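Number of protein chains: 4
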Amino acid sequence: MARPRFLKLPPHQQQAILQAALEEFAAHGFHDASLNRVIEAAGISKGSMYYYFDGKEDLYAYVAQTEFAGLFEQVGPPPDFDAGDAETFWSALEDYYRQLLQALAASPQLAAMLRGWSAAAKNPAFQEVQGELEQASVPWIEQALAAGQRVGAIRDDLPASLLITVALGMGEAMDLWLMSQPVDPESLPAHVHGLIDMMRGAFAPRRPVH
Amino acid sequence: MARPRFLKLPPHQQQAILQAALEEFAAHGFHDASLNRVIEAAGISKGSMYYYFDGKEDLYAYVAQTEFAGLFEQVGPPPDFDAGDAETFWSALEDYYRQLLQALAASPQLAAMLRGWSAAAKNPAFQEVQGELEQASVPWIEQALAAGQRVGAIRDDLPASLLITVALGMGEAMDLWLMSQPVDPESLPAHVHGLIDMMRGAFAPRRPVH
Amino acid sequence: MARPRFLKLPPHQQQAILQAALEEFAAHGFHDASLNRVIEAAGISKGSMYYYFDGKEDLYAYVAQTEFAGLFEQVGPPPDFDAGDAETFWSALEDYYRQLLQALAASPQLAAMLRGWSAAAKNPAFQEVQGELEQASVPWIEQALAAGQRVGAIRDDLPASLLITVALGMGEAMDLWLMSQPVDPESLPAHVHGLIDMMRGAFAPRRPVH
Amino acid sequence: MARPRFLKLPPHQQQAILQAALEEFAAHGFHDASLNRVIEAAGISKGSMYYYFDGKEDLYAYVAQTEFAGLFEQVGPPPDFDAGDAETFWSALEDYYRQLLQALAASPQLAAMLRGWSAAAKNPAFQEVQGELEQASVPWIEQALAAGQRVGAIRDDLPASLLITVALGMGEAMDLWLMSQPVDPESLPAHVHGLIDMMRGAFAPRRPVH
DNA sequence: TATGAATGAGCTTTCATTCAT
DNA sequence: TATGAATGAAAGCTCATTCAT
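Protein chains in written order, with my numbering: chain R, 15 to 224; chain Z, 15 to 224; chain G, 15 to 224; chain D, 15 to 224.
Now the structure itself:
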């Protein structure tokens, strides 16, 4: 995950490398990305790249993690899902999710990387990386889930890990669907509302059927 | 999609090639799969491979399609979702889905290929292949969706394409979750029930909130 | 040079093969021409091609020779260069040469093959072929040269083979130059006149310089 | 045109690669030349070849250009064709041309490459290379032509481009003819004299026919 | 007489990585 | 701390030709 040496570089040079790598990975995915092209675009030497990073995977992991962190930094911390009832929980979630999507829409390269993530993640050498990355996103989801259960907004009759996985899958599907549509920023809130409504239906506690 | 020559081969040789390719694609995905390895494992010459198939993509498409067809052949046609009310719709869907999952569990390599499908599908050269393949699966989903709406089991206030995409995402997530758990065939029905219950919550028509 | 078997084929099939080969060789030259494409275009089997011809070179040689012969057949036999004086010799030559060029302009594929000839001829395996081909064109040139010398139109102080080679080179250069110009059929006679005039200057007997 | 890296190599290694490539291209022409053979003969790795040159065409261009430059360097700059009358023009041209041919006779491999040049030049990817190369030879020909016209040695009733093309064709033909003869260095001047005499006849201004 | 299945050598090119300096 | 030269394995793919039938 980026040798300490890299962090000692002057920021503008870190940025140059990061940006070059982000563009390359976003454009070609992990496999087809070429370190040679990154090196050339970044204007550093081949030896330096291997001096700063352990290899292609290491670079990929660092870029993904850094950009991902930047995304959350940009959106800000999640709200306090505990404060309120089920209704306020869902509307807070919708708000936050919408903000995330909007931020992501503003970083098309990160979005492209994330979309290629599932492909890259199959590489066994990535599981370590994957673990680190998920620690950046899953925790708040877990906390939101726990909070949702506390306020009675989320069912607790299924394993939490299943709920999380399915929620991520629904989110990814929504992302995919949005990508395949003619983009209309104004209608985003409506779509997000639709998705959250589906999630609510899926994850809300079952009511007894009369 | 496999030159006719290939189909004239003695079945055991077709099988050898198919099996070698399936294993390679399942293990490495399309990109990282090596035709050379397939050729070696199948015990044929390089020229023969290109005599039978038009290239890597062609081989992949043929393997995916063949295995996919085999899966549905094994499970049989979907039931008539129109016959009944919402309740019978959902239970019929659950039954059928459970059968699919059970069959898939018996073909881990096909499962692996399917999991890599979304990654491969990004390749523009695949859209033709993708189209053919989806025609094998999407139609029954669409029909099921339409039937579900007719019998009042599925909401119609959201675009059908969104519902389908999200449903597939949920299914994929479930698949993923099952892969990550210690496999316990006996508990599969319960998990499927849970998933269908979530789908039902997500896709059932909204009831007025009192 | 085409096995006798080939000549027993029904003419339309001979034509199909000949035409397919001509197009391929004209379009790609000898080296880059693909027998596979010829076979496919001709609608015959691979085995048949090798049953009729000895290989790629053999096919090329046959096509070139046949088309070349056809060209001369179309234009007709050269005039009797012996009948007249130097002046009539040169005008007869100009007439005949113009007819050849016009016929060649009507067979762009043969023209393309001829243009690629010098490239193909470097292949040592071609020298036999080359010899055969030249026997179709050189003889009348030799006869014309001899006649020209008899009537006092052509110098005899240089080796005949050199005169012939240079004459061919000048003709090829003219062909090349015509190819590189915007084509204007009406101005062809003028260009031919210019070329023959140059040839006349080059090959006419030296007059004593006063 | 040869990456700078190549020029940093110790001269003997540059020579080894250059020589291997020259021999291969001379023997087989561009198309049939095999980079693998060059690599093997040069005793370098495949990766190194692509580290030094951009590909087959790049190598060819570099070899051709380098050898061509060497030829002119060896012969020296063309004389001042403007100084004198028609008679001195033609004798100066003959002198210079003889020197060129003598130098070329000492580099049979370069001669072979040049002979294959017209074949290689058909490749569209070569037009850039071709342009660079022609700038080394065509200019002095053009200047000589213009000078010849100024001093009244060359006709001006035909397009200059046609004159140049035909002159090159005659030169190439002479080259070809010399190659096909038993080589006799002592008779070269006589042959050159014959050729120049033909050129003079072809390109000298027409005298009025009485 | 005719077929077409089968082949393996060959092609150009890309790439991540190493290592001496 | 930084460089960039050097590499070899691997990739996908084409081809003319052979040969059993």
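The C-beta atom is built at its ideal place from N, Cα and C for all residues, glycine as well.
None of these values were measured; they are calculated from a predicted model.
Residue of the options minimising C-alpha distance to residue i
i, options, result
"L36 of chain Z", "Z:K22, Z:D72, Z:K60", "Z:D72"
"R214 of chain Z", "Z:W191, Z:A167, Z:M188", "Z:A167"
"A174 of chain Z", "Z:S201, Z:M184, Z:F217", "Z:F217"
"G57 of chain R", "R:D99, R:Q29, R:A78", "R:Q29"
"S48 of chain R", "R:A119, R:T80, R:Y74, R:R112", "R:Y74"
"D170 of chain D", "D:D109, D:F39, D:R220", "D:R220"
"P93 of chain G", "G:L114, G:S62, G:M193, G:K22", "G:L114"
"D3 of chain D", "D:L172, D:G130, D:Q27", "Not covered by the structure: residue 3 of chain D. The range shown for chain D is 15 to 224."
"W154 of chain Z", "Z:E38, Z:F95, Z:W104, Z:E186", "Z:F95"
"A117 of chain R", "R:P199, R:M212, R:L32", "R:P199"
"P18 of chain D", "D:A119, D:A106, D:Y76, D:W191", "D:Y76"
"L177 of chain R", "R:D68, R:G208, R:Y64, R:A158", "R:A158"
"R51 of chain G", "G:D68, G:M184, G:L32", "G:L32"
"A160 of chain R", "R:T80, R:P24, R:A40, R:A100", "R:A100"
"F39 of chain Z", "Z:G208, Z:Q27, Z:I53", "Z:I53"
"Q123 of chain Z", "Z:G43, Z:Y110, Z:L107", "Z:G43"
"A125 of chain D", "D:M188, D:L209, D:Y65", "D:M188"
"G162 of chain Z", "Z:A120, Z:S194, Z:F103, Z:K70", "Z:F103"
"L23 of chain G", "G:G208, G:A41, G:M63", "G:M63"
"K70 of chain Z", "Z:A16, Z:G98, Z:A119", "Z:A16"
Residue i, enclosing alpha helix (DSSP H) - first and last residue
i, result
"Q195 of chain R", "That residue, Q195 of chain R, is in no alpha helix (DSSP H); it is neither H nor E in DSSP."
"G84 of chain G", "70–89"
"P92 of chain Z", "Careful: P92 of chain Z lies outside any alpha helix (DSSP H) and carries neither H nor E."
"I210 of chain G", "202–217"
"R19 of chain Z", "18–21"
"F39 of chain R", "25–46"
"G166 of chain D", "Element bounds for G166 of chain D: n/a, residue is neither H nor E."
"I53 of chain R", "49–56"
"M63 of chain D", "60–66"
Contact list for residue i against chain G, beta-carbon separation under 8 Å
i, result
"V180 of chain D", "M184, A187, M188, W191, L209, M212"
Listed by chain order, chain R residues near residue i by CB distance under 9 Å
i, result
"S175 of chain Z", "W191, S194, Q195"
Amino acids of chain Z, ordered along the chain, whose beta-carbon sits closer than 7 Å to that of residue i
i, result
"G215 of chain R", "G215, A216, A218"
Contacts of residue i in chain D (Cβ-Cβ under 7 Å)
i, result
"L172 of chain G", "G208"
Within the segment 99–123 of chain R, ranges of the alpha helix (DSSP H) (whole runs, at least 4 residues): 100–119
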